Amino acid sequence: MSNNEQPARHIVSLSGGKDSTALAIYLRDRIPNLEYVFCDTGEELRETYSYLDRLEVFLGKEIKRLKARQSFDDMLKARGGFLPSGQVRWCTEYLKIKPFEEYIGDSICHNYIGIRADETYRKGYISTKPNIIAHYPFIEEGIRKEDVIRILEESGLGLPEYYQWRSRSGCYFCFFQQKIEWLGLLEHHPDLYEKAESYEKENPETGERYTWSQKESLKELRSPERRKAILEEYERRKDHPLKSRGNLTLANIFTPEESEDESCLICHL
């Protein structure tokens, strides 16, 4: 039997975030022989790994952890220290998409993606391989953010802990993080903040800078003056009349355009 004649596979792509987790729970008893896959960059938050472990217990089925053949450090070295960015997302391509495509091979795969009905602006896909067919059950069935929260609460999993200070899943050094999220990393995982800071480089002769955050380095961002300004801006947004609806997580405070619109789908669902 050739690869194309093999039975089609059905896979939920997990990121460790709320939407893909809710989708895994939602589809668990609806699709036979459903597989669960997480592309592990090796640079995720500890809370992400813990959340996936809990989800695995709930599902009663293994979550396949995929890893690239090379580590992030090896890839970074091969690129002369050139950090990934929103314009050049080599981390997503080589640490997430390629391992997933290699795992699928040439067999027909129905891949279920957790984009909600209230964020259709994010509709897109993580692969261009014709044998990987994308499905968006939440869009098709009108499931919105409040429904996702309900699914997670009813399952007993709730939201990942990092949502108290972060609006997205993904690597701890994600370049799509807001400034306040970098400060959250500094507070909750100072070791990871320092590690991310160590990746940044500056050439005083040419003026070239390789930094995670646009326009400033993590060393500059962590200065007392800059931290004070970021926190003040965060409080100003949090107290805005349109956003003063009870206890909000960071994901509620920033608008979709500010927090997730351009983020990599396979990383941040």
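FYI, in the numbering used here the residues of the sequence shown are -7 to 261. Just so you know, even glycine gets a beta-carbon here, dropped at the ideal spot from N, CA and C. Computed from a prediction, not measured in an experiment: that's the story for all the values here.
So, are the CB atoms of residue i and residue j less than 7 Å apart?
{"i": "residue 103", "j": "residue 70", "result": "no"}
{"i": "residue 155", "j": "residue 184", "result": "no"}
{"i": "residue 0", "j": "residue 89", "result": "no"}
{"i": "residue 106", "j": "residue 210", "result": "no"}
{"i": "residue 140", "j": "residue 21", "result": "no"}
{"i": "residue 161", "j": "residue 34", "result": "no"}
{"i": "residue 136", "j": "residue 109", "result": "yes"}
{"i": "residue 193", "j": "residue 73", "result": "yes"}
{"i": "residue 121", "j": "residue 93", "result": "yes"}
{"i": "residue 172", "j": "residue 226", "result": "yes"}
{"i": "residue 149", "j": "residue 218", "result": "no"}
State the Cα-Cα distance for the pair residue i and residue j, rounded to the nearest angstrom.
{"i": "residue 179", "j": "residue 153", "result": "14 Å"}
{"i": "residue 198", "j": "residue 85", "result": "29 Å"}
{"i": "residue 191", "j": "residue 75", "result": "8 Å"}
{"i": "residue 50", "j": "residue 175", "result": "32 Å"}
{"i": "residue 37", "j": "residue 91", "result": "20 Å"}
{"i": "residue 166", "j": "residue 79", "result": "13 Å"}
{"i": "residue 98", "j": "residue 124", "result": "9 Å"}
{"i": "residue 64", "j": "residue 119", "result": "20 Å"}
{"i": "residue 26", "j": "residue 3", "result": "6 Å"}
{"i": "residue 111", "j": "residue 132", "result": "12 Å"}
{"i": "residue 6", "j": "residue 13", "result": "7 Å"}
{"i": "residue 201", "j": "residue 159", "result": "26 Å"}
{"i": "residue 314", "j": "residue 214", "result": "Nothing can be reported for residue 314, as the shown portion of the chain is limited to -7 through 261."}
{"i": "residue 205", "j": "residue 169", "result": "8 Å"}
{"i": "residue 234", "j": "residue 96", "result": "Any reading at residue 234 needs caution, since the residue's pLDDT is 49, under 50, leaving its predicted position unreliable; the model's value is listed next. Cα to Cα, residue 234 sits roughly 44 Å from residue 96."}
{"i": "residue 128", "j": "residue 134", "result": "10 Å"}
{"i": "residue 222", "j": "residue 67", "result": "32 Å"}
{"i": "residue 157", "j": "residue 151", "result": "12 Å"}
{"i": "residue 83", "j": "residue 145", "result": "32 Å"}
{"i": "residue 130", "j": "residue 48", "result": "21 Å"}
{"i": "residue 81", "j": "residue 203", "result": "14 Å"}
{"i": "residue 43", "j": "residue 177", "result": "17 Å"}
{"i": "residue 229", "j": "residue 259", "result": "26 Å"}
{"i": "residue 186", "j": "residue -2", "result": "47 Å"}
{"i": "residue 212", "j": "residue 138", "result": "37 Å"}
{"i": "residue 147", "j": "residue 220", "result": "39 Å"}
{"i": "residue 77", "j": "residue 231", "result": "31 Å"}
Would you mind sorting residue i into buried or exposed? The rule is 16 or more other CB atoms within 10 Å of its CB.
{"i": "residue 24", "result": "exposed"}
{"i": "residue 188", "result": "buried"}
{"i": "residue 62", "result": "exposed"}
{"i": "residue 196", "result": "exposed"}
{"i": "residue 18", "result": "buried"}
{"i": "residue 216", "result": "exposed"}
{"i": "residue 41", "result": "exposed"}
{"i": "residue 182", "result": "exposed"}
{"i": "residue 39", "result": "buried"}
Check whether the Cβ of residue i sits closer than 6 Å to any heavy atom of the ligand MN, and report yes or no.
{"i": "residue 79", "result": "This structure does not include the ligand MN; it has no bound ligands of any sort."}
At least 3 beta-carbon pairs within less than 8 Å: the segment 48 to 61 vs the segment 25 to 40 = yes
Counting only runs of 3+ residues fully inside the segment 110 to 187, write out the beta strand (DSSP E) ranges in chain order.
-> 124 to 127
Beta strand (DSSP E) runs wholly inside the segment 40 to 118, at least 3 long, in chain order | 55 to 58 and 101 to 104
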